[in-house]
Amino acid sequence: MPRLTDARKELRRAQITEAAVRCFSRNGLERTSIADITAESGLSNGSIYAHYRSKADLVQASAHAVLAKRAETLGDYAASDTPPDPDELLARLISAIDPAEARVGVQTWGEATTNPAIRGIVVDTIDRMRAMVHDCVMAHLVKVEHLDPAEAQEQVIPIAERLMALYLAELLRTSLQSSTEETES
Numbered sequence: 001m002p003r004l005t006d007a008r009k010e011l012r013r014a015q016i017t018e019a020a021v022r023c024f025s026r027n028g029l030e031r032t033s034i035a036d037i038t039a040e041s042g043l044s045n046g047s048i049y050a051h052y053r054s055k056a057d058l059v060q061a062s063a064h065a066v067l068a069k070r071a072e073t074l075g076d077y078a079a080s081d082t083p084p085d086p087d088e089l090l091a092r093l094i095s096a097i098d099p100a101e102a103r104v105g106v107q108t109w110g111e112a113t114t115n116p117a118i119r120g121i122v123v124d125t126i127d128r129m130r131a132m133v134h135d136c137v138m139a140h141l142v143k144v145e146h147l148d149p150a151e152a153q154e155q156v157i158p159i160a161e162r163l164m165a166l167y168l169a170e171l172l173r174t175s176l177q178s179s180t181e182e183t184e185s
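Okay, so the sequence shown: first residue is 1 according to the UniProt record's numbering, each after it adds one.
Written as structure tokens, this is what we have:
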């Protein structure tokens, strides 16, 4: 049997992660089994376990995949000559929320209250997202508002904290709204 190239391995991991997100969104973290993810991905159990040791690894990979999407977007915003102002940044982040990913995120938060491994994933993901929002707001304050970096540093933390709180609240709202819409269908 031919060996998988690194690029092919990454594609396979992404295929598995995307299948896991769909299953977690539909069935919940607790009720999703590796067999469910296997069926959803169209791969074998062996292929799943060749890439991930456990469901917790899949939860972590799912969280990091979602974060990677936001990181690319936020990095582009921060690198821009005219990064968006905080209101526009929040609007863009909210418009990019995927309802399935929001449901998985909220389920992961719930699981984090009792599972230390999942708690670590959630804390790390939110901390990394907060740092990216901080960098984007800082770039706006310096490049667009023309504040001295020291002055911008004084202002950036409360702004970034508010943006994160509003973004996380919107994730919760989206997850509840999309869940309600599906049960009414």
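The beta-carbon is built from N, C-alpha and C at its ideal position, and this holds for glycine as well.
Would DSSP call residue i helix, strand or coil?
i           : result
V156        : helix
residue 186 : Residue 186 falls outside the range modelled here, since the chain spans only 1 to 185, and no answer is possible.
H146        : coil
G110        : helix
Y167        : helix
Y49         : helix
G105        : helix
T32         : coil
S25         : helix
T17         : helix
T5          : coil
S54         : coil
Compare the Cα-Cα distances from residue i to each of the options and report the closest residue.
i    : options                   : result
P158 : H134, L147, Y167 and L176 : H134
A50  : R26, R12, A19 and A91     : R12
E111 : A91, A20, V59 and L172    : V59
T73  : K55, S95, L172 and T174   : S95
A152 : A165, L163 and M138       : M138
M164 : T125, R130, I118 and I121 : R130
D87  : C136, D76, D6 and A71     : C136
D127 : L89, L172, E154 and A63   : A63
Q177 : E161, Q155, V106 and T114 : V106
A102 : E154, T5 and L172         : L172
T125 : L43, E10, V66 and R8      : V66
K9   : Y52, I37, T38 and E30     : Y52
V104 : E30, T5, E161 and D6      : E30
Only counting the same chain, and skipping five residues up and downstream in sequence, which positions put a Cβ closer than 8 Å to that of residue i?
i   : result
D85 : H140 and V144
R70 : L93, A96, M129 and M132
Using a Cβ-Cβ cut-off of 6 Å (strictly less than) and excluding sequence neighbours within five positions of residue i, which residues of its own chain qualify?
i    : result
T32  : C23 and F24
Q15  : S41
L93  : Y167
A78  : D135, C136 and A139
L147 : L141
Below 8 Å on the Cβ atoms is my contact criterion, and I expect residue i with residue j to pass it. Report the Cβ-Cβ distance as a whole number of Å.
i    : j    : result
A61  : T17  : 5 Å
I97  : T174 : 5 Å
I34  : N27  : So it is not a contact: roughly 12 Å between Cβ atoms.
I118 : A56  : 7 Å
T108 : V122 : 6 Å
Near residue i, what residues of its chain come up, given a Cβ to Cβ distance below 7 Å and the 5 sequence neighbours on each side ignored?
i    : result
A100 : V21, R22 and S25
E170 : I94 and I97
Residue i CB to nearest chain C CB: under 8 Å?
i   : result
D36 : Given the protein chain composition of this structure (a single chain), no chain C is represented.
>> Extract the residue ranges of the alpha helix (DSSP H) inside the region 71-103, only unbroken runs of 4 or more that lie entirely within it.
In response: 86-95
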